Amino acid sequence: MIAQALVDGVLSGAIVALGAIGVTFSLSILRFANFSHGDLLGVGGYAALFVLAMLAGAAGGADSAWNLPLGPFSFGWGLPLALAFAMALAVAVSLLLDALVYRRLRQRSADPLTLVFASFGLALVLRNTVLLLFGPDAHNYSSEIQMAVRLPGPVLVMPDQLLVFCITLAVLGALWFFLQRTRHGIAMRSVAENPVLSGIAGIDIAATVRMTWIVSSMLAALAGVFYGVTVQVRPEMGLNLLLPLFTAAILGGVGSVSGAVLGALLISLTENLVTLVIPSTYKPIVPFVLLLLVLYFRPSGLFAPKGGH
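Written as structure tokens, this is what we have:
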């Protein structure tokens, strides 16, 4: 039981980690808590659902070549196309919101609290747009039945979960390389440390902010699609994931990408272990309790960066 809970916690924590990185970027680079970030996961998840439905309709049904399962997985070649579309749409939506709302507020020297309230409003717009277009019901990407894979010991996992975890590790590796070895990544780290000195040093702050939106929204869409693959998509999925995302970012230390990943794993592991002793209906309060404990005992976070990321 404990081994299964630990494995499930690690696998689900990988998805939370992708979304939490976007939150820590928002807190450290954009300098405000972006509450619409969770609903970008929903946008990505439903964008992929839309593409899969269109491919199935164009090919004459859900058992079309696009949707026939690849090996042990529940999805076919349509999912990579759906994922690409979801990430592109999330980037477009994110940049549009920035151009229409956030950038205008920054130009007027709005305080962070104003940006937070704006993000609340935009979150409602995104969530209700998804609700209007797709309805209140939950949806699955596929109805295919998978055979669980037995790991050493009495641990069972689905092939989809293993693939999502492996892709997440590859994405995190690519993100590390991007932040440490590329011009845009180094600029993002610099702006997170000190935007004033970064501007004086010649870094294009506007371009860095734009890149932050792009990277954050791509990771959000990826997390949303992975959530749809391993669980299902619901209009309120972004709202339900918002607290774990922020808790992971704060728990790991604002500005620390590795901290956000470790925070996400810690939250998911705690959620799964707690359900062994209390009813699963109490699972959603775990991130809230962890957040209160961190804010009380270590407000800077457990893995706060010391002069870098």
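Under numbering that gives the first Met the number 0, the residues of the sequence shown are numbered 0 to 308, in order. Even glycine gets a Cβ: it sits at the ideal position worked out from N, Cα and C. Just so we're clear, the structure is a prediction, and the values are computed from it rather than from any experiment.
CA-to-CA, the gap between Asp97 and Val154 works out to about 44 Å. Taking the CA atoms as reference points, Pro151 sits about 22 Å from Thr167. With a 10 Å radius around the Cβ and a threshold of 16 neighbouring Cβ atoms, Leu29 comes out buried.
A straight line joining the alpha-carbon of Leu48 with that of Gly227 spans about 8 Å. Per DSSP, Leu290 is one residue of the alpha helix (DSSP H) stretching across Ile284 to Phe296. If only complete runs of 3 or more residues are kept, the region 101–184 shows the beta strand (DSSP E) at 148–150 and 154–156, in order along the chain.
Around the beta carbon of Arg126, 16 or more other beta carbons sit within 10 angstroms, so the residue counts as buried. The C-beta of Leu10 has 16 or more other C-beta atoms within 10 Å across all chains shown, which makes the residue buried. With contact defined as three or more Cβ pairs closer than 8 Å, the region 81–98 and the region 238–258 are not in contact. A distance of 8 Å or more separates the beta carbons of Arg182 and Leu94. Between the alpha carbons of Glu192 and Leu5 lies a gap of roughly 35 Å. Counted as a single uninterrupted DSSP element, the stretch harbouring Tyr281 is not any alpha helix (DSSP H), since DSSP gives it neither H nor E.
Taking 8 Å as the cut-off, the beta carbon of Ser215 is found no closer than this to the beta carbon of Ser27. Residue Leu265 holds the alpha-carbon nearest to the alpha-carbon of Asp7 among Leu290, Leu265, Tyr295 and Val293. In this structure, Pro68 and Gly77 do not form a Cβ contact; the two beta carbons are roughly 11 Å apart against a cut-off of 8 Å. Spanning the alpha carbons of Asp159 and Ser197 requires a straight line of approximately 42 Å. At a cut-off of 4 residues, the continuous stretches assigned as alpha helix (DSSP H) that sit fully inside the region 34–93 are 36–58.
Look at Val190 here: in three-state DSSP terms it is helix. Distance from the Cα of Leu39 is smallest, within the candidate group Thr229, Pro278, Ala222 and Pro286, for Ala222. The region 120–136 makes no contact with the region 259–273; the number of CB pairs closer than 8 Å stays below 3. Under DSSP, Val232 takes part in a beta bridge, and its partners are His138. Taking a C-beta distance under 8 Å as the contact criterion, Met217 and Gly41 do not qualify as a contact pair. According to the DSSP assignment, Ile1 belongs to the alpha helix (DSSP H) that extends over Ile1 to Phe24. Residues Ile213, Ser216 and Met217 of the same chain have their beta carbon placed closer than 7 Å to that of Val90, with the five preceding and five following residues left out of the count. Taken in chain order, the whole alpha helix (DSSP H) runs of length 4 or more contained in the region 193–266 are 194–199, 204–229 and 236–251.
Here Thr269 carries a helix assignment [DSSP, helix/strand/coil]. Contact check for Leu250 and Phe287: beta-carbon distance about 12 Å, past the 8 Å limit, so the pair fails to qualify.
Shown here for Leu268: same chain residues with a beta carbon closer than 6 Å to its own, the five before and five after excluded, namely Gly8 in chain order.
Distances from the CA of Thr23 to each of Ile204, Val276 and Met187 were compared; the closest alpha carbon is that of Met187. Of the residues assessed, Phe176 falls on the exposed side of the cut-off, its CB having fewer than 16 other CB atoms within 10 angstroms. Only exposed fits Leu131, as fewer than 16 other CB atoms lie within 10 angstroms of its CB.
Leu275 counts as exposed, since fewer than 16 other beta carbons sit within 10 angstroms of its beta carbon. In the displayed model, Ser299 falls within coil according to three-state DSSP, outside both helix and strand.
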